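Since the structure comes first, as structure tokens, the remarks are kept for the end.
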Amino acid sequence: MRIKSAEFVMSNSRVDLCPESKLPEYAFIGRSNVGKSSLINMLTGRKALAKTSARPGKTQLINHFLINKNWHLVDLPGYGYAKVSKSAKRTFQKFITAYFEKRKQMVCAFVLIDSRHEPQPIDMEFMQWLGENNVPFCIIFTKADKMKPKALERNINFYQEKMLESWEEMPEFFISSATSKLGQDEILDYIEAINIELNSSDSPR
Ligand code: GTP
Ligand code: MG
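Going by the numbering used here, the first residue of the sequence shown is number 13, and it counts up by one from there.
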């Protein structure tokens, strides 16, 4: 898919105030600092569409971007940011889960996982929750440029083994780098295929 236009629509802390449009949307979620906002900029070819930072906790709201005037891309805050107080964490968890429970336009979540790390309980638990709530999702392994090819392959194989301990099959997954643009075509083509399918069936989810 070619990106012809990418516009910021709005930021929100409440799912009921998100855009009313019925356009299909794709949400990017994962631990703080995993590279959600950077990936959105890479995918859209816009340097500063989504705000990024080396410090975790940059994205605090639900951010909608309108792409090619016919679908939404959503940048979400990261989970598991240690410096946030317990009550702030709880409030945050609530608004993230409310987003996934209530947002019927959300056709696929991309769960971002840092390709350098071993499987983390917080990500496993989050994917478990998505599964239990019938939220369709894929995995994107990020920051591949920071790994040597062999080590990257080893980590991803290990991740698949871990997933298969609790999942019948491995969800669709992609490997990405915001610096080398690895994964750009694959992820955009995947989104395009879903958009085409939705257009032909004309029903959400
Ligand atoms: P929060 O909004 O805080 O949850 O973080 P985020 O997941 O949106 O991460 P963000 O995109 O802001 O990136 C965090 C840091 O990682 C920044 O310093 C980025 O430059 C860096 N980064 C993100 N993706 C990549 C990547 O693919 N390769 C490399 N080398 N650095 C990356
Ligand atoms: Mg962010």
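Virtual Cβ for every residue (Gly too), placed ideally from N, Cα, C.
Quick caveat, the model's predicted, so the values are computed rather than measured.
Starting from residue i, follow its DSSP beta bridges and name the residues at the other end.
i: Trp83; result: Ile79
i: Met22; result: His76
i: Thr154; result: Asp126
i: Gly90; result: In the DSSP output, where bridge partners are listed per residue, Gly90 has none listed.
i: Phe186; result: Ile152
i: Cys120; result: Tyr38
Can you determine whether any heavy atom of the ligand GTP sits closer than 7 Å to the C-beta of residue i, and answer yes or no?
i: Val123; result: no
i: Asp157; result: yes
i: Lys70; result: yes
i: Ser6; result: With the chain covering 13 to 217 only, the question about residue 6 has no answer from this structure.
i: Gly195; result: no
i: Gly92; result: no
i: Ser178; result: no
i: Asn167; result: no
i: Ser212; result: no
If you follow the alpha helix (DSSP H) that residue i is in, where does it begin and where does it stop?
i: Gly143; result: Pro133 to Glu144
i: Tyr171; result: Pro161 to Ser178
i: Ile15; result: Careful: Ile15 lies outside any alpha helix (DSSP H) and carries neither H nor E.
i: Ala39; result: First-last for Ala39: Glu37 to Gly42, but that is the beta strand (DSSP E), not the alpha helix (DSSP H).
i: Gln196; result: Gln196 to Ser213
i: Thr56; result: Lys48 to Thr56
For the putative contact between residue i and residue j, defined by C-beta atoms under 8 Å, what is the C-beta separation to the nearest angstrom?
i: Val119; j: Tyr38; result: 7 Å
i: Ser50; j: Lys63; result: That pair is no contact at about 10 Å.
i: Ser189; j: Ala156; result: 4 Å
i: Val21; j: His76; result: 4 Å
i: Ile79; j: Leu85; result: 5 Å
i: Glu204; j: Met54; result: Glu204 to Met54, Cβ: 16 Å. No contact.
i: Gly42; j: Ile125; result: 6 Å
Does the distance between the C-beta of residue i and the nearest non-hydrogen atom of the ligand MG fall short of 7 Å?
i: Lys162; result: no
i: Gly23; result: Per the sequence presented here, residue 23 reads as Ser, with Gly not at that position. Every heavy atom of the ligand MG is 7 Å or more from the Cβ of Ser23, so no.
i: Lys48; result: yes
i: Asp87; result: yes
i: Thr154; result: no
i: Thr56; result: no
i: Thr64; result: yes
Is residue i close to chain D? Criterion is C-beta to C-beta, closer than 8 Å.
i: Thr64; result: No chain D is part of this structure, which consists of one protein chain only.
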